[in-house]
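Single-structure report; data block below.
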Amino acid sequence: MEPLVAYLWIIPALPLAAAAVGAAAPRGSRRLASGAAIAAMAGALALSSVALKYALAAPSAHQFCNFTWFDLGNGAVRLGWLLDPLNAFMCVMVSLVGLLIFIFSLGYMEDDENFKRFFWLMSLFAAAMLCVVVSNSLLLLFIGWELVGLASYLLIGFWFHRPAAAAAAKKAFITTRIGDLGFLLGLVWLYDTTGSLLLYDGGNGFLEAHALGDLATQVAAGGLAATTAISLLIFCGAAGKSGQFPLHVWLPDAMEGPTPVSALIHAATMVAAGVFLVARVFPLFSADQGLPAATLHALTVVAAIGAITALMGAAIAAAQSDLKRILAFSTVSQLGYMMLALGVGSWVAAIFHLLTHAFFKALLFLAAGSVIHAAHHVQDIRELGGLGARMRTTFATFAVGMMALSGVPFVFSGFWSKEAILHAASEWGPSSLPLYAGLAGVVLTAFYMTRLLCEVFWGPPRSPAASHARESPAVMTAPLVVLAAGAVGLGFLGTPAWPWLQSRLAGAEIPARPLLDGGALMAVSIILVAVGLGSGWALYGRRPRASAAAPDPLQSAAPRLFAFLGARMKLDELYAATVGRLNTFAAALADILDRWVWGGAVGLLARLGEFAGLLNREVDEVGLNTGFDTVSEEIRRTGQAYSRAQTGEAHGYLRTLALAFVVLALLVLLGGGR
Amino acid sequence: MNTVLILIALATIGAAAAAMSRPSLLNCVLLLTLSWTGIAAFYLWAGAEFAAFAQVLIYVGAISMAVMFAVLLTRRGRRDFPPRKGSRSRAAYAVLAGAAVAGVLLAAVARSPLAASPAPGPASTVRELGGQLMGPHAAALLVVGVLLTVALIGAVVLAAGAGPEKPEATR
Amino acid sequence: MSTAATPNESILERAPVLARDWLTGFLPEPARWLANSLVVIVAILLVFATVFAALTLAERKILGRVQNRPGPNRVGWFGLLQPVADGVKMLIKEDIVPRAANPVLHFLAPVVLLAASIMTFAVIPYGRHLVPVELDAALLYFFAAGSATELAVFMAGWASHNKYSLLAAMRALAQLISYELPLLLSTVPVVLAAGTLSATGIVAAQSGWKWGVVPHWLVFTPCGAAGFAIFMVSALAESNRSPFDLPEAESELIAGHLTEYSGFKYALFFMAEYFGMCAASGMAVTLFLGGWHAPLPVLEAVPSYVWFSAKFLALLLGFIWIRATMPRLRIDQLTRLAWKFMVPLALVNIGTAAFWSLTFPWAGPLQLVRWAVALGMAAGPFVLLGRGLSSGLGPRTYRYA
Amino acid sequence: MSPLQLCLAFSSALFAVGLAGALARSNSILVLLGIELMLNAANLNLIAFWRFSPHGSPATGVVFVVFAIAVAAAETAVGLALVISIYRHQQDIRLEEATRLKG
């Protein structure tokens with residue numbers, strides 16, 4: 029029987045089929061659409077787990093199966109499917125989280141009339157994400173990448189009748205598009221130099237030694253190595269999709285979509301795609317490490333961007349008042365951590381953090397979803413409060429998620445994955461700045477999560493909706509519990525003492541280090557978490573805010589900083605000021621050019637033609653006609669003169685004849701005509 | 563030899579001159595017929611019998627008849643009987659022109675050194691003439707045949723054609 | 002095979018010539034030529050005058066007998082002196098000339114007519130040696146002289162200054178001109194066969210007998226027979242005889258163009274008519290009936306002029322016979338007969354003559370084919386055109402002048 | 005004066021008479037006949053030269069005359085027909101009247 033990889037394409041195919049069924053089904057068939065979606069997701073999960081078993085059987089081998097999409101003259105475009113531990117783990121994560129979120133949305137989207145459309149869009153998204161994950165060719169990956177972008181646009185703008193949602197969808201799509209442009213350029217450049225976009229192709233895939241070898245030697249412009257330049261271009265795509273520093277502005281606004289969408293797309297999967305991409309082509313990124321002469325290493329750029337994003341995300345999250353916006357900025361910050369991990373060279377730590385983050389961030393979002401569902405779509409934390417007593421399970425699962433995210437030691441997965449990143453950062457040669465940024469991030473994360481917890485769950489209910497909140501139905505709380513278990517359990521797979529997950533991912537046995545090895549770094553991080561939690565509880569726990577209008581303790585402490593952070597560091601305005609104005613200026617310039625320069629020229633030509641026509645008529649009228657008239661008049665007059673000779677008098681003719689004859693004869697006779 | 567010629571010449575010219583001067587049309591035509599017979603007589607004197615008989619047969623027999631009919635058909639009234647005022651001067655001019663032409667021709671004849679050959683003229687028999695007609699002049703004969711047919715049919719059509727209005731015919 | 006006739010030079014044959022030579026013998030040489038011609042002229046006039054007289058009588062006698070009545074038998078023995086009586090009557094009748102008539106033309110008309118018809122006798126070969134004038138283009142001369150008669154008829158019509166006589170002259174002219182064409186065309190086959198225009202040549206061409214019995218006369222050839230028929234009918238019309246005697250028929254315009262003539266001029270017109278008839282039959286004999294040749298070689302002994310006179314008289318009797326039996330034709334029937342029947346027939350006859358002469362060398366059975374085709378070509382058109390003549394005649398439209 | 009010159013004189017005289025006649029008479033028919041006379045004068049010349057030509061050529065002269073006579077006949081027929089049709093239109097055949105064909 030062929031190796032499993034040949035059948036890998038079925039995993040994305042199932043949700044795609046469900047999407048097709050959902051789309052084709054008549055409007056009202058809600059049960060059919062949701063049932064198909066969930067069944068497809070379950071099938072995908074089963075297959076992914078089987079694939080994982082196969083992958084784990086030979087962790088270091090990259091099993092691939094390539095086929096020709098279409099041949100173009102002499103060259104042929106070849107795509108392919110890949111199976112190795114990284115793919116397998118991602119497949120399982122995506123399908124598992126997807127399945128739980130689908131089940132959750134059954135309850136959440138209950139009273140929405142576009143129920144059917146929601147489910148087939150979600151399955152379309154899942155199919156696209158799975159395609160990105162299992163593809164062996166950058167081109168196929170790029171196709172999936174674009175479909176994911178489309179699905180996110182459609183889902184963010186799900187309630188399109190709300191202008192904010194439509195604007196947010198457009199913003200998300202355009203910013204990610206800018207990133208994708210860089211990705212496409214890198215892809216094209218790569219294809220041009222290596223001649224193949226296949227990752228692994230029995231030796232001549234571009235990730236394999238032979239291609240990388242000669243790629244590294246080429247020096248692109250500005251002293252950058254070719255691989256560095258290509259990697260940076262690909263990183264643009266990743267930054268765009270994963271919401272890294274310059275291109276993160278769309279993520280907070282993406283919260284306009286329904287909460288399950290935010291959970292699935294803007295927490296677990298899509299944003300993680302960027303990190304997965306960089307991890308996937310990590311050999312390309314790290315190829316220039318060996319070149320001492322290179323002025324810039326791709327990974328240092330990644331690390332820098334990651335650090336900046338982590339700090340900035342955490343800081344802004346602390347000053348937000350909207351429940352989902354706080355979680356969105358927390359996601360931005362955690363993605364910054366993953367990029368930081370990649371930058372410092374450990375893609376295994378980044379992927380481990382990605383997996384754990386997927387579980388507890390999905391958990392937090394779903395819990396927020398159930399809160400919003402219960403509080404009749406009130407999202408402002410200042411108006412919520414006192415929900416702990418009213419929504420027991422949601423409060424409990426939210427607390428687990430909060431502790432995992434902020435990295436409460438030893439029990440929760442968040443601590444182990446963040447620990448691995450900090451450990452990798454500490455070992456990074458060039459500079460230790462990323463380490464300090466990471467540590468600062470830890471404090472801030474702990475602080476804003478406790479602030480969120482206190483504001484929402486403790487204190488008096490500050491609005492009628494909050495006071496009427498009831499616990500969500502079982503169909504919503506069950507996935508929360510499963511996710512909570514995942515958030516706790518997953519951590520134990522990757523502890524330094526027993527690095528099972530890391531070794532599987534790396535394909536090589538990583539030596540087990542004693543649990544408290546490097547105790548100093550671990551102790552420092554534990555202390556920082558405690559400081560964060562304490563300060564959060566101090567400001568918001570002890571004296572929870574009495575009313576919605578009450579000033580925020582942080583605000584009273586540092587009003588200008590708080591306002592600055594509240595306004596998302598004014599990045600949107602900055603962009604508007606720079607890119608926006610540039611765009612309008614370019615448009616105006618084009619308009620002027622078109623109206624005056626080209627239009628002018630055409631107008632000129634038209635007038636020229638008109639003038640030529642006029643000139644022609646004049647010359648014709650005056651010059652030629654009169655000329656002809658005079659000439660013909662002349663001819664007519666001479667003709668008339670001659671015609672007068674023809675009198676019609678026969679006698680006259682005969683007489684002239686006779687006389688002429690006589691004259692001639694005389695001439696001949698007298699003139700001696702001999 | 564010459565006396566006969568002179569006689570014929572004088573007779574013919576006299577008849578022709580008389581024909582041209584008589585006021586009455588039919589008398590003119592008859593006198594003309596007489597001059598035509600005079601010409602036929604000259605042909606006989608010159609020895610060309612065939613030409614003479616042809617002249618008599620065609621001119622005296624046929625053409626005179628046609629002219630007679632034409633004259634009879636176009637007799638409107640006697641208007642042209644009294645000589646018109648313009649005709650006096652025109653006759654004078656005509657005679658003058660005729661005299662001038664005659665004078666020039668006679669002068670030319672008198673001065674041209676024509677070698678007179680007293681030998682009796684060649685006798686042309688009808689067989690020889692037939693040979694000539696059918697030989698070198700065969701084409702000309704056919705053409706004349708066609709010409710005659712076409713002319714005569716044309717004449718018939720012209721003359722017999724219905725005029726724009728025939729007042730006197732129907733009244 | 003044809004046997005050439007031994008020229009009969011018997012005394013009788015040469016008698017007239019000898020007589021003439023004896024008569025002119027008395028005169029000196031230069032005048033002899035003139036005398037000869039004078040003798041000939043006088044002889045012709047005498048012969049034909051007597052023939053004219055006899056003819057008037059014979060015609061009235063025959064008409065009588067045909068109409069079962071005796072005819073003139075009062076004057077002289079059996080009416081023999083009737084012509085003399087008529088002559089005397091004509092001479093003593095008053096010669097009336099209309100006042101408004103053009104006296105010169107009025108007198109000149111009969112003279113020209115008689116002169117023209119008498120001139121035609123010059124070329125007819127009466128006997129082997131009795132040819133008044135030996136002309137190369139004799140036939141052409143005969144028709145040239147014949148055509149002069151039309152002029153005289155017009156003069157008569159015009160000079161009498163009478164509307165009816167003028168109209169009658171025009172109708173007579175139309176008839177004469179119409180029938181002159183078939184007359185000339187019918188002689189073309191003869192000329193084709195004989196190869197010459199001279200009368201003696203034509204007669205010579207008809208000498209000899211086929212199988213010793215059938216003489217070589219042209220009348221016995223298909224084209225010759227058709228030619229002879231057309232010639233006779235046209236001759237009848239030319240001399241204003243019987244079926245075509247419209248101009249001076251009593252039922253038409255009184256005496257036609259002769260109304261204003263009386264007395265001797267009237268007689269002259271009649272004499273000219275009879276001379277025309279004689280000339281036509283004489284030429285017919287020369288052209289078609291072998292001139293003075295005897296019908297059988299055995300009869301060669303009989304002098305040639307006897308045979309000529311016999312045939313000549315036979316034809317004259319034919320004329321009179323036709324006059325006795327045929328009804329008169331209307332003017333339109335007459336002209337239609339000429340233009341739609343006689344002229345086309347004559348033209349076709351020329352075709353048959355061409356065929357006849359071209360196929361002369363055919364031998365044996367081909368001769369039969371030749372005869373059959375020639376007869377067909379002669380008879381066919383005759384029948385077809387005949388049938389076409391009276392068909393399609395619209396109702397007569399009378400246009401009153 | 006040799007006979008030939010006499011003949012030529014005769015024909016020239018006839019020609020002149022014809023011309024004078026054509027010019028003098030106002031009646032179209034007589035003008036036509038005048039021209040006819042001029043034609044016959046030409047024929048006279050032909051026969052004269054044929055009669056007195058030195059090398060006794062075959063009957064070309066006579067052939068020419070025959071043809072000339074035939075053509076003259078055709079011409080007269082057409083001329084008379086024209087005169088008759090003019091008469092039918094104008095009821096008058098004076099030559100001065102028929103001036104419609106002018107420039």
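Chains as they are written, first to last, in the working numbering: chain L, 29 to 702; chain S, 563 to 733; chain X, 2 to 402; chain A, 5 to 107.
Positions of the beta carbon are idealized from the N, C-alpha and C atoms, including for glycine.
Note that the structure is a prediction, hence the values are computed from the model and not measured.
Residues near residue i in its chain [Cβ-Cβ closer than 7 Å; skip 5 each side]
i        : result
L/Phe98  : Val105
L/Ala64  : Ala46, Val49 and Gly50
X/Thr57  : Pro84 and Asp87
L/Asn164 : Phe92, Asn94, Gly108, Trp109, Leu110, Leu226, Leu227 and Tyr228
L/Ala396 : Thr287, Leu351, Lys352 and Leu355
L/Met69  : Pro43, Ser123, Gly126, Leu127, Phe130 and Ala154
Residue i at chain L interface by Cβ criterion, 8 Å
i        : result
A/Val35  : yes
A/Leu27  : yes
S/Val671 : no
S/Ala659 : yes
8 Å Cβ cutoff, residue i in contact with chain X
i        : result
S/Phe604 : no
S/Met737 : With chain S represented from 563 up to 733, any question about residue 737 of chain S goes unanswered, as that position is not in the structure.
S/Val666 : no
S/Arg689 : yes
Rounded Cβ spacing between residue i and residue j (contact assumed at less than 8 Å)
i        : j        : result
L/Thr478 : L/Tyr568 : 7 Å
X/Ala1   : X/Ala102 : Given a span of 2 to 402 for chain X in the structure shown, any question on residue 1 of chain X remains unanswerable.
Buried versus exposed call for residue i [16 or more other C-beta atoms within 10 Å across all chains shown]
i        : result
X/Leu92  : exposed
X/Asn74  : exposed
X/Tyr399 : exposed
L/Pro539 : exposed
S/Ala579 : buried
A/Trp54  : buried
Residues near residue i in its chain [Cβ-Cβ closer than 6 Å; skip 5 each side]
i        : result
S/Phe643 : Unreliable placement is indicated for S/Phe643, whose pLDDT of 49 sits below 50; the coordinate value is still reported in the next sentence. Closer than 6 Å at the Cβ level, and outside the excluded window around S/Phe643, lies no residue.
L/Leu305 : Ala266
X/Val132 : Pro126 and Thr201
Beta carbon proximity, residue i to chain S, threshold 8 Å
i        : result
L/Leu695 : no
A/Leu43  : no
X/Ser148 : yes
Within-8 Å CB hit, residue i to chain A
i        : result
L/Glu662 : no
S/Leu710 : yes
L/Leu682 : yes
S/Leu704 : no
L/Ala686 : yes
Under 8 Å from the C-beta of residue i: neighbouring residues of chain L
i       : result
A/Ala13 : Chain L residues near A/Ala13: none, gap ~15 Å exceeds 8 Å.
Contact list for residue i against chain A, beta-carbon separation under 7 Å
i        : result
S/Arg650 : By Cβ distance, chain A contributes nothing, its closest Cβ being about 10 Å from S/Arg650, past 7 Å.
Proximal residues of chain X, C-beta to C-beta of residue i below 9 Å
i        : result
S/Val566 : Those do not exist, as S/Val566 stays about 15 Å from chain X at its closest Cβ, beyond 9 Å.
S/Ser626 : Glu151, Leu152 and Phe155
Where residue i meets chain L, residues with beta-carbon distance less than 7 Å
i        : result
A/Arg104 : Gly676
Beta-carbon neighbours of residue i, restricted to chain S and to distances below 7 Å
i        : result
X/Trp159 : Leu588
Same chain only: Cβ atoms within 8 Å of residue i, ignoring 5 sequence neighbours per side
i        : result
X/Leu111 : For the record, residue 111 of chain X in the displayed sequence is Pro; it is not Leu. Here the set comprises Ala153, Ala157, Tyr262, Lys266, Leu269, Phe270 and Ala273.
L/Val428 : Phe388, Leu391, Phe440, Ala512, Ala515 and Val516
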